[in-house]
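From first to last, the protein sequence lines stand for chains R and F.
Residues 36 to 245 in the working numbering are what the first sequence spells out, letter by letter.
Residues 81 to 120 in the working numbering are what the second sequence spells out, letter by letter.
Take a look at the structure set out below.
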Amino acid sequence: MASQAILVRPDSPHYYPGTLGNKPIAVQFHSGSHYVALRLLEGYLPKEKLKLVHYGSPKFRFDALMNGEVEAAALMEPYIALAEKLGCRAVCEGHYLGAENASNNMDHETFEAINRAVIKAVDMINANKRQYLHYLIDEERFASVAAKYGGLTPEDFHLPRLRYFYNTPYTDEIVEDTYNWMLRWDLLTDTACAADLVDNRLADPLPADD
Amino acid sequence: MEFVQAQLNPAISNTENPEEVNPILGHVAFEETRVSIYRA
Numbered sequence: 036m037a038s039q040a041i042l043v044r045p046d047s048p049h050y051y052p053g054t055l056g057n058k059p060i061a062v063q064f065h066s067g068s069h070y071v072a073l074r075l076l077e078g079y080l081p082k083e084k085l086k087l088v089h090y091g092s093p094k095f096r097f098d099a100l101m102n103g104e105v106e107a108a109a110l111m112e113p114y115i116a117l118a119e120k121l122g123c124r125a126v127c128e129g130h131y132l133g134a135e136n137a138s139n140n141m142d143h144e145t146f147e148a149i150n151r152a153v154i155k156a157v158d159m160i161n162a163n164k165r166q167y168l169h170y171l172i173d174e175e176r177f178a179s180v181a182a183k184y185g186g187l188t189p190e191d192f193h194l195p196r197l198r199y200f201y202n203t204p205y206t207d208e209i210v211e212d213t214y215n216w217m218l219r220w221d222l223l224t225d226t227a228c229a230a231d232l233v234d235n236r237l238a239d240p241l242p243a244d245d
Numbered sequence: 081m082e083f084v085q086a087q088l089n090p091a092i093s094n095t096e097n098p099e100e101v102n103p104i105l106g107h108v109a110f111e112e113t114r115v116s117i118y119r120a
């Protein structure tokens, strides 16, 4: 699972999403930060008061938050941990499904092998999440940001935020609900249909010890 | 098996209009068929 939080600076007057109307919030359009921000904020603010601004990749959103260009930014880990270490606070947070997206030229055997590796990784990470946090901390692009803002250690993470479970096919209900939500926000043309968007043929659940 | 790191989005003027942003910018390697699978 992925997670994005809408964060504000330590000196911000905002403590919950309801006061962020007409305030610029950094997201990356057409990605998780955009969709989660809409899903979280629509419960507090009317559509016409949402002021989402495209800043692109998380390092740019993080910088825009810290230098005061925006009032808030939608960020994922490890940027959440770094922001919270600096005293920023999340006014709301949402989890959502991540997924592997394969092209038509990927064969069934390879895709199953990847899924088996993912399942094994899920078990290993859940057994000791902190042991693997260096992969997040040392990632080249994030490392340069962390160095600029004082660094980050495995002890700085809130581990329950990091959620891993086996890949499962999207249910028809999830696809339909998401499809209708995207139509309502003009994120999808109504000429598309669910069958065009999700192909579950290669997504049969796999046993963990296969 | 080879891993390809996603490219950072090129500099785009900050905008409030989603239609000014290409939805596939974060998945260029996939769209160019240099990789067969990506995580989103």
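Heads up, the beta-carbon is just placed ideally off N, CA and C, and yes, glycines get one too.
What residues in its chain sit with their C-beta under 6 Å from that of residue i, if we drop five residues either side in the sequence?
i, result
"H130 of chain R", "M36 and S38"
"N56 of chain R", "Here residue 56 of chain R is Gly; the residue named in the question, Asn, does not match the sequence. Hits under 6 Å: L80 and K84."
"D245 of chain R", "With a pLDDT of only 44 at D245 of chain R, under the threshold of 50, the placement of this residue in the model should not be trusted; the figure read from the coordinates follows. Closer than 6 Å at the Cβ level, and outside the excluded window around D245 of chain R, lie R151."
"P242 of chain R", "Confidence is the limiting factor: at P242 of chain R the pLDDT is only 47, short of 50, which leaves the residue's position unreliable, though a coordinate-based value still follows. Here the set comprises nothing."
"L100 of chain R", "A108"
"Y51 of chain R", "V126"
"A109 of chain F", "V84 and V115"
Would you mind reading off the limits of the beta strand (DSSP E) that contains residue i?
i, result
"V71 of chain R", "First-last for V71 of chain R: G67 to L76, but that is the alpha helix (DSSP H), not the beta strand (DSSP E)."
"I27 of chain R", "Residue 27 of chain R lies beyond the residue range present for chain R, which begins at 36 and ends at 245; the question has no answer from this structure."
"H249 of chain R", "Not covered by the structure: residue 249 of chain R. The range shown for chain R is 36 to 245."
"N150 of chain R", "No beta strand (DSSP E) holds N150 of chain R; the alpha helix (DSSP H) holding it covers H143 to A162."
"L110 of chain R", "A107 to L110"
"A126 of chain R", "The sequence given here places Val at residue 126 of chain R; Ala does not occur at that position. Element bounds for V126 of chain R: R124 to Y131."
"R119 of chain F", "I117 to R119"
Among the options, which one has its Cα closest to the Cα of residue i?
i, options, result
"A162 of chain R", "R:A116, R:L197, R:N136 and R:E211", "R:L197"
"G133 of chain R", "R:R165, R:D158, R:F200 and R:A61", "R:F200"
"E128 of chain R", "R:M111, R:D173, R:N215 and R:Y205", "R:M111"
"H89 of chain R", "R:F64, R:E77, R:R176 and R:D212", "R:F64"
"F119 of chain F", "R:A99, R:K94 and R:E135", "Correcting the residue type first, residue 119 of chain F is Arg in the shown sequence and not Phe. Of the candidates R:A99, R:K94 and R:E135, the one whose C-alpha sits nearest the C-alpha of R119 of chain F is R:E135."
"L222 of chain R", "R:S47, R:P52, R:R74 and R:H49", "R:R74"
"I41 of chain R", "R:E144, R:Y114 and R:L187", "R:Y114"
"S92 of chain R", "R:R176, R:A116, R:Y205 and R:N140", "R:R176"
"Y182 of chain R", "R:E211, R:A118 and R:L76", "Checking the displayed sequence, the identity of residue 182 of chain R turns out to be Ala instead of Tyr. Measuring from the Cα of A182 of chain R, the nearest candidate turns out to be R:A118."
"V43 of chain R", "R:T206, R:E104 and R:V157", "R:E104"
"F97 of chain R", "R:A156, R:K82, R:S68 and R:M141", "R:S68"
Go through its chain and collect everything with a Cβ distance to residue i's Cβ below 7 Å, but skip five positions before and after it.
i, result
"L168 of chain R", "P189 and F192"
"K58 of chain R", "K86, E106 and A107"
"G122 of chain R", "P45"
"I160 of chain R", "Y167 and Y199"
"A3 of chain R", "The displayed coordinates of chain R run from 36 to 245. Any statement about residue 3 of chain R would go beyond what the structure contains."
Quick one: give me the first and last residue of the alpha helix (DSSP H) that residue i is part of.
i, result
"I172 of chain R", "H169 to I172"
"E61 of chain R", "Here residue 61 of chain R turns out to be Ala, not Glu, going by the sequence shown. Counting along the chain, A61 of chain R falls outside any alpha helix (DSSP H), though it belongs to the beta strand (DSSP E) covering P59 to V62."
"I104 of chain F", "Unbroken run through I104 of chain F: none, as it is neither H nor E."
"A137 of chain R", "Run containing A137 of chain R: none in the alpha helix (DSSP H); it sits in the beta strand (DSSP E), E135 to A137."
"N215 of chain R", "D207 to R219"
"Y114 of chain R", "Y114 to K120"
"R179 of chain R", "For clarity, residue 179 of chain R is Ser in the given sequence; the question names Arg instead. Its alpha helix (DSSP H) spans residues E175 to K183."
"K82 of chain R", "It is not in any alpha helix (DSSP H) - K82 of chain R carries neither H nor E in the DSSP assignment."
"D98 of chain R", "P93 to M101"
Short of 8 Å in beta carbon distance, which residues of its chain neighbour residue i, apart from the five on each side in sequence? Order them along the chain.
i, result
"F95 of chain R", "A61"
"G7 of chain R", "The question about residue 7 of chain R has no answer, for chain R in this structure spans 36 to 245."
"A116 of chain R", "L187, D191, F192 and H193"
"T54 of chain R", "P48"
"I172 of chain R", "P113, A178, A181, L187, T188 and P189"
"D225 of chain R", "L218"
"W220 of chain R", "L73"
Could you tell me if the beta carbon of residue i falls within a distance shorter than 8 Å of some heavy atom in the ligand FMN?
i, result
"F110 of chain F", "As far as ligands go, the structure on display features none, and thus does not contain the ligand FMN."
**Request:** Select from the segment 131-143 of chain R all residues with a C-beta closer than 8 Å to any C-beta belonging to chain F, and list them in chain order.
**Result:** G133, A134, E135, N136, A137, S138, N140 and M141
**Request:** Identify each residue in the segment 63-79 of chain R for which the Cβ-Cβ distance to at least one residue of chain F is less than 8 Å, and report them in chain order.
**Result:** Q63, F64, H65, S66, G67 and H69
**Message:** Beta carbons nearer than 9 Å to chain F: which residues of the segment 85-98 of chain R have them?
**Reply:** K86, L87, V88, H89, Y90, G91, S92, K94 and F95
**Message:** By the 8 Å beta-carbon criterion, what residues does the segment 147-159 of chain R contribute toward chain F?
**Reply:** Listed in sequence order: I149.
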